[in-house]
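Listed in order, the protein sequences are those of chains F and A. Using the numbering used here, you'd call the opening residue of the first sequence number 65 and step up by one each time. Using the numbering used here, you'd call the opening residue of the second sequence number 65 and step up by one each time. Following: one structure in structure tokens, then a few remarks.
Protein chains: 2
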Amino acid sequence: MQKGNAKISMAVIRRLPKYRRYLAELLDRGVHRISSRELSKIIGFTASQIRQDLNNFGGFGQQGYGYNVAALYEAIGKILGLDRKYNTIIVGAGNLGQAIANYTNFEKSGFIPKAMFDINPKLIGLKIRDIEIIDADKMEEYIKENNVDIGIICTNKEQAQAVADRLVKSNIKGIWNFAPTDLDVPEKVMLENVHLSESLYTLSFLLKHNRID
Amino acid sequence: MQKGNAKISMAVIRRLPKYRRYLAELLDRGVHRISSRELSKIIGFTASQIRQDLNNFGGFGQQGYGYNVAALYEAIGKILGLDRKYNTIIVGAGNLGQAIANYTNFEKSGFIPKAMFDINPKLIGLKIRDIEIIDADKMEEYIKENNVDIGIICTNKEQAQAVADRLVKSNIKGIWNFAPTDLDVPEKVMLENVHLSESLYTLSFLLKHNRID
Numbered sequence: 065m066q067k068g069n070a071k072i073s074m075a076v077i078r079r080l081p082k083y084r085r086y087l088a089e090l091l092d093r094g095v096h097r098i099s100s101r102e103l104s105k106i107i108g109f110t111a112s113q114i115r116q117d118l119n120n121f122g123g124f125g126q127q128g129y130g131y132n133v134a135a136l137y138e139a140i141g142k143i144l145g146l147d148r149k150y151n152t153i154i155v156g157a158g159n160l161g162q163a164i165a166n167y168t169n170f171e172k173s174g175f176i177p178k179a180m181f182d183i184n185p186k187l188i189g190l191k192i193r194d195i196e197i198i199d200a201d202k203m204e205e206y207i208k209e210n211n212v213d214i215g216i217i218c219t220n221k222e223q224a225q226a227v228a229d230r231l232v233k234s235n236i237k238g239i240w241n242f243a244p245t246d247l248d249v250p251e252k253v254m255l256e257n258v259h260l261s262e263s264l265y266t267l268s269f270l271l272k273h274n275r276i277d
Numbered sequence: 065m066q067k068g069n070a071k072i073s074m075a076v077i078r079r080l081p082k083y084r085r086y087l088a089e090l091l092d093r094g095v096h097r098i099s100s101r102e103l104s105k106i107i108g109f110t111a112s113q114i115r116q117d118l119n120n121f122g123g124f125g126q127q128g129y130g131y132n133v134a135a136l137y138e139a140i141g142k143i144l145g146l147d148r149k150y151n152t153i154i155v156g157a158g159n160l161g162q163a164i165a166n167y168t169n170f171e172k173s174g175f176i177p178k179a180m181f182d183i184n185p186k187l188i189g190l191k192i193r194d195i196e197i198i199d200a201d202k203m204e205e206y207i208k209e210n211n212v213d214i215g216i217i218c219t220n221k222e223q224a225q226a227v228a229d230r231l232v233k234s235n236i237k238g239i240w241n242f243a244p245t246d247l248d249v250p251e252k253v254m255l256e257n258v259h260l261s262e263s264l265y266t267l268s269f270l271l272k273h274n275r276i277d
């Protein structure tokens, strides 16, 4: 199944978490199978789009039967890499960093927050849940000793690139960036940006044009 | 120019803030015009995609000249509805709500945080910058008296729908939702969700498949 993934477009990949979220709700409600038409009503994509998306992974839909909800949920989780655990650190222990540290859903999905880092002496030594805020000077050492996979950047825009450079030098595998800037990292490091302003500007577009999609 | 907007796909709309961000950087660097090829190198979309996207708004690209950076930046801002101000409230004054209240960039773009609301008596009366945290019981009254356009939901998943219902009843125009759930609101209310887990799962996909896009 994974063999063909190289061909799957990023647009499809970005829709997979949404499928997975709706499938989890169906499982909670005791629904074991669902047609692309029924799924279309719930999720808002066309039935044809759904069939096309899910055909990428083969073998879950059968004409006249529909999709096996549990099998599809699990398969999408595997494709998304949610069948393993990731050690993460949060760099920048301000409000946003603390909000992410407090967000237990990520941990339930396998993203384990091991530590937070900051340069503010007032924060160093504090704990959010059981996650300690450590002096940022010790970050490289910590990454190497604790097999950290993902660095979550919650600093301001000005510090973000320097933090990313240090993460890269420490052989981090992935960066989840919340700083409102585009980071420059080598291709071997996977980078995902959360540009909140892009989402907000989409909302202002919708407000201005009063558009329903 | 706005006449044709009804036809523009959401995929194009969601790329506009990125164009705008890169154009702002070019302006900062004193670049007054740029070709789609040069823009492609910076922004990472193909030159053909860029021409196609920007053709939707007409009149900014000229063969052999390229794009007028300042004019295009301003036009995209207008299309995105960034030529006016929006009064916003933040519902839920925990870490995430406070992070957003502290984020002055949104204010610079015209999204004015007027107040925050919470049910926690320990938070009520506190201020984040000059934004007061008010008792959630007073939310409806406040929205009506202060001409609030956008409600930003920073509560947990369980409270989010009830908050959305109250915002809708108070004739809010738009909702920016950070709670990890899909909200049910009438079509006249514009809704934009920030599903952070979708972004995180995209990163885990990239890590698992070691994919560079």
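Even glycine gets a Cβ: it sits at the ideal position worked out from N, Cα and C.
Within-7 Å CB hit, residue i to chain A
i: valine 155 of chain F; result: no
i: glutamine 225 of chain F; result: no
i: alanine 163 of chain F; result: yes
i: valine 95 of chain F; result: no
i: glycine 215 of chain F; result: no
i: isoleucine 72 of chain F; result: no
i: lysine 149 of chain F; result: no
i: phenylalanine 269 of chain F; result: yes
i: glycine 238 of chain F; result: yes
i: valine 258 of chain F; result: yes
i: asparagine 159 of chain F; result: yes
i: threonine 152 of chain F; result: no
i: glutamate 171 of chain F; result: no
i: methionine 254 of chain F; result: yes
Test: residue i CB closer than 7 Å to a CB of chain F
i: tyrosine 137 of chain A; result: no
i: arginine 78 of chain A; result: yes
i: tyrosine 206 of chain A; result: no
i: leucine 144 of chain A; result: yes
i: proline 81 of chain A; result: yes
i: serine 99 of chain A; result: no
i: serine 104 of chain A; result: no
i: threonine 266 of chain A; result: yes
i: serine 263 of chain A; result: yes
i: glutamate 222 of chain A; result: no
i: asparagine 184 of chain A; result: no
Rounded separation between residue i and residue j - CA only
i: asparagine 159 of chain F; j: alanine 163 of chain A; result: 5 Å
i: isoleucine 183 of chain A; j: aspartate 229 of chain A; result: 16 Å
i: glutamate 222 of chain F; j: aspartate 92 of chain A; result: 16 Å
i: alanine 168 of chain A; j: aspartate 147 of chain A; result: One detail in the question is off: residue 168 of chain A reads as threonine in this sequence, not alanine. In a straight line, the C-alpha of threonine 168 of chain A is about 17 Å away from that of aspartate 147 of chain A.
i: lysine 186 of chain A; j: alanine 165 of chain A; result: 18 Å
i: glycine 156 of chain A; j: isoleucine 107 of chain F; result: 27 Å
i: leucine 270 of chain A; j: arginine 115 of chain F; result: 23 Å
i: isoleucine 77 of chain A; j: isoleucine 140 of chain A; result: 10 Å
i: tyrosine 150 of chain F; j: tyrosine 206 of chain A; result: 43 Å
i: lysine 172 of chain A; j: serine 261 of chain F; result: 11 Å
i: leucine 87 of chain F; j: threonine 110 of chain F; result: 16 Å
i: alanine 179 of chain A; j: leucine 231 of chain F; result: 37 Å
i: isoleucine 195 of chain F; j: lysine 142 of chain A; result: 43 Å
i: serine 104 of chain F; j: glutamine 225 of chain A; result: 22 Å
i: tyrosine 137 of chain A; j: proline 81 of chain A; result: 10 Å
i: arginine 85 of chain A; j: arginine 97 of chain F; result: 44 Å
Unbroken alpha helix (DSSP H) run spanning residue i, endpoints
i: glycine 141 of chain F; result: 133–143
i: lysine 178 of chain F; result: Taken as a continuous stretch (DSSP letters only), lysine 178 of chain F belongs to no alpha helix (DSSP H), being part of the beta strand (DSSP E) at 175–182.
i: glutamate 89 of chain A; result: 74–92
Residue i classed as buried or exposed, judged by whether at least 16 other C-beta atoms fall within 10 angstroms
i: serine 268 of chain F; result: buried
i: glycine 128 of chain A; result: exposed
i: glutamine 66 of chain A; result: Note that glutamine 66 of chain A has pLDDT 42, beneath the 50 cutoff, so the model's placement of it is unreliable and no number is given.
i: glutamate 256 of chain F; result: buried
i: methionine 23 of chain F; result: Since the first residue shown for chain F is 65 and the last is 277, residue 23 of chain F is missing from the structure and cannot be characterised.
i: glycine 189 of chain A; result: exposed
i: arginine 193 of chain A; result: exposed
i: proline 250 of chain F; result: exposed
i: aspartate 248 of chain F; result: exposed
i: serine 112 of chain F; result: exposed
i: lysine 208 of chain F; result: exposed
Residue range of the beta strand (DSSP E) that includes residue i
i: lysine 237 of chain A; result: That residue, lysine 237 of chain A, is in no beta strand (DSSP E); it is neither H nor E in DSSP.
i: asparagine 257 of chain A; result: 254–257
i: tyrosine 150 of chain A; result: 150–155
i: isoleucine 188 of chain A; result: Premise fails: isoleucine 188 of chain A is in no beta strand (DSSP E) and is neither H nor E.
i: glutamate 196 of chain A; result: 195–199
i: glycine 215 of chain A; result: 214–217
Best match in the options for proximity to residue i [C-alpha to C-alpha]
i: valine 95 of chain F; options: F:Tyr131, F:Thr152, F:Asp194; result: F:Tyr131
i: serine 234 of chain A; options: A:Met74, A:Gly189, A:Asp194, A:Asp201; result: A:Asp201
i: isoleucine 216 of chain F; options: F:Ile154, F:Ile72, F:Thr266, F:Asp194; result: F:Ile154
i: isoleucine 238 of chain F; options: F:Gly145, F:Glu89, F:Arg79; result: Sequence check: residue 238 of chain F is glycine here, not isoleucine. It is F:Gly145 whose Cα lies nearest to the Cα of glycine 238 of chain F.
i: tyrosine 265 of chain F; options: A:Glu196, A:Ser100, A:Val258; result: A:Val258
i: asparagine 274 of chain A; options: F:Ile98, F:Phe175, F:Val253; result: F:Val253
i: isoleucine 214 of chain A; options: A:Leu118, A:Ile176, A:Asn119; result: A:Ile176
i: arginine 79 of chain F; options: F:Phe170, F:Asp117, F:Lys272; result: F:Asp117
i: glycine 161 of chain A; options: A:Asn211, A:Ile198, A:Asn119; result: A:Ile198
>> Which residues of the segment 186–199 of chain F have a Cβ closer than 9 Å to any Cβ of chain C? Give them in chain order.
In response: No chain C is present in this structure, whose protein chains are F and A.
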